[in-house]
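Visitor: Just passing along the structure, written as structure tokens.
In our numbering, the protein residues as written are 665 to 971.
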């Protein structure tokens, strides 16, 4: 099958090229209302819309830990946080918004759980990953993670999951559990004018263990979600300045649905990593540059040395 290569550039401010996507920051919002920001972004996309109840929407949030470790998502842009608190209380019109909150891992609700974002058509995304050992989630309009004029490449709209070579701590329903080889996954779906479609995935012990949903147990991987297939052998290596080796003659391998490659600088030191992943956030080949000033402790199943 065709392999995907995602590369990260990490400068001191953190420049990453993660083999999946590319974007830039939202326009300046100073002295603008949310409505103005929303209309400006849609105008830059060439979409003429007004805020109303007929627009396409997606749940729009992420686990709190991702605010400081966003690079691990493979998405360059963390949307501007326009919202804090319960979605229904202060935002009855569901304006474009994003939030980092624990409730993001719960079942979506248009009234009191998750904020929402208007998409003006397009695709909703939700993704379960492991970030610094914590089972985490991202939801949103796919376009929100890209600049307004960027043609977002997307593969099949589907739900796919697989075991990662990462252990994870799962916090849900006032319960904490440690799980080895956490199951991670992705769901891409077409945004609609009805309830947001990106509400399949949850943070709980059933998802992280890769359990299938049944008539008696619905809060697990549903029948429309499939296990990652088309596994390929990928080089696995890491070089951090003069430590380690990632030359072509390296003969250490891993197996996954996608091969990955990361190059750049981290804290001023050359960083190169190759590995594999059970899924790709865009479900197609791509390369992205990410520049962000924040912590970075792990990429995939490899810990980043801190200096």
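Just so you know, even glycine gets a beta-carbon here, dropped at the ideal spot from N, CA and C. These numbers come from a predicted model, not from an experiment.
For residue 834 and chain D, any beta-carbon pair shorter than 8 Å?
Guide: The displayed structure is made up of one protein chain only, and chain D is not part of it.
Visitor: Select from 874, 879, 743 the residue whose C-alpha is nearest the C-alpha of residue 885.
Guide: Reading the chain shown from its first residue, position 221 is the one you call residue 885. Nearest option by C-alpha distance: 874.
Visitor: Can the beta-carbon of residue 806 be found less than 8 Å from the beta-carbon of residue 787?
Guide: For this step, residue 806 is matched to residue 142 along the chain shown. For this step, residue 787 is matched to residue 123 along the chain shown. Cβ atoms of residue 806 and residue 787: closer than 8 Å.
Visitor: Helix or strand or just coil, what does DSSP make of residue 878?
Guide: Start at 1 with the first residue of the chain shown, and residue 878 comes out as number 214. Reduced to three states, the DSSP call for residue 878 is coil.
Visitor: For residue 908, does the three-state DSSP call read helix, strand or coil?
Guide: As a first step, residue 908 must be located in the chain shown, where it is residue number 244. Of the three classes helix, strand and coil, the one that applies to residue 908 here is strand, per DSSP.
Visitor: Could you check the C-alpha separation between residue 825 and residue 733 for me, to the nearest Å?
Guide: Here the question's residue 825 lines up with position 161 in the chain shown. Here the question's residue 733 lines up with position 69 in the chain shown. When rounded, the distance between both Cα atoms is 22 Å.
Visitor: Rounded to whole angstroms, what's the CA-CA distance from residue 862 to residue 846? Just pull it up for me.
Guide: By 1-based counting over the chain shown, the position of residue 862 is 198. By 1-based counting over the chain shown, the position of residue 846 is 182. Going from the Cα of residue 862 to the Cα of residue 846 covers about 21 Å.
Visitor: Whole-angstrom Cβ separation of residue 792 and residue 849, contact assumed at under 8 Å?
Guide: Residue 792 sits at position 128 when you count from the first residue of the chain shown. Residue 849 sits at position 185 when you count from the first residue of the chain shown. Sure, about 5 Å apart at Cβ, within 8 Å.
Visitor: Reducing DSSP to helix, strand and coil, say where residue 843 ends up.
Guide: Within the chain shown, numbered from 1, the residue matching residue 843 stands at position 179. In this structure, residue 843 counts as strand in the three-state DSSP scheme.
Visitor: Identify which residue in 812, 838, 851 has its Cα closest to the Cα of residue 783.
Guide: Your numbering for residue 783 matches position 119 in the chain shown. Among 812, 838, 851, the Cα nearest to that of residue 783 belongs to 812.
Visitor: Tell me the DSSP secondary structure of residue 806 in three-state form.
Guide: Locating residue 806 in the chain shown gives position 142, where the first residue counts as 1. In this structure, residue 806 counts as helix in the three-state DSSP scheme.
Visitor: Which word fits residue 1025, buried or exposed, when buried means at least 16 other C-beta atoms lie within 10 angstroms of its C-beta?
Guide: Any answer about residue 1025 is impossible in this case: the structure gives the chain only from 665 up to 971.
Visitor: With three or more C-beta pairs closer than 8 Å as the rule, is the stretch 835–845 touching the stretch 916–934?
Guide: The stretch 916–934 vs the stretch 835–845: no contact.
Visitor: Give me the Cβ distance between residue 851 and residue 790, rounded to the nearest whole Å; I'm assuming they're in contact under 8 Å.
Guide: Working through the chain shown from its first residue, we reach residue 851 at position 187. Working through the chain shown from its first residue, we reach residue 790 at position 126. About 5 Å; that satisfies the 8 Å criterion.
Visitor: For residue 951 and residue 844, what's the separation of their Cα atoms in angstroms?
Guide: As a working note, residue 951 is residue 287 in the chain shown. As a working note, residue 844 is residue 180 in the chain shown. The alpha-carbon atoms of residue 951 and residue 844 are separated by roughly 30 Å.
Visitor: Is the Cβ-Cβ distance between residue 727 and residue 800 less than 8 Å?
Guide: Your numbering for residue 727 matches position 63 in the chain shown. Your numbering for residue 800 matches position 136 in the chain shown. Their beta carbons are under 8 Å apart, which means residue 727 touches residue 800 by this criterion.
Visitor: Taking the alpha helix (DSSP H) that residue 870 belongs to, which residues open and close that run?
Guide: Along the chain shown, one-based indexing puts residue 870 at 206. Run containing residue 870: 869–872, per the alpha helix (DSSP H) assignment.
Visitor: Quick check on DSSP: helix, strand or coil for residue 735?
Guide: By one-based count along the chain shown, residue 735 stands at place 71. Residue state, collapsed to three classes: helix.
Visitor: Alpha carbons only, please: which of 915, 857, 942, 877 is nearest the one belonging to residue 866?
Guide: On the chain shown, position 202 is the one that residue 866 refers to. Checked all of 915, 857, 942, 877; the closest Cα to residue 866 is 877.
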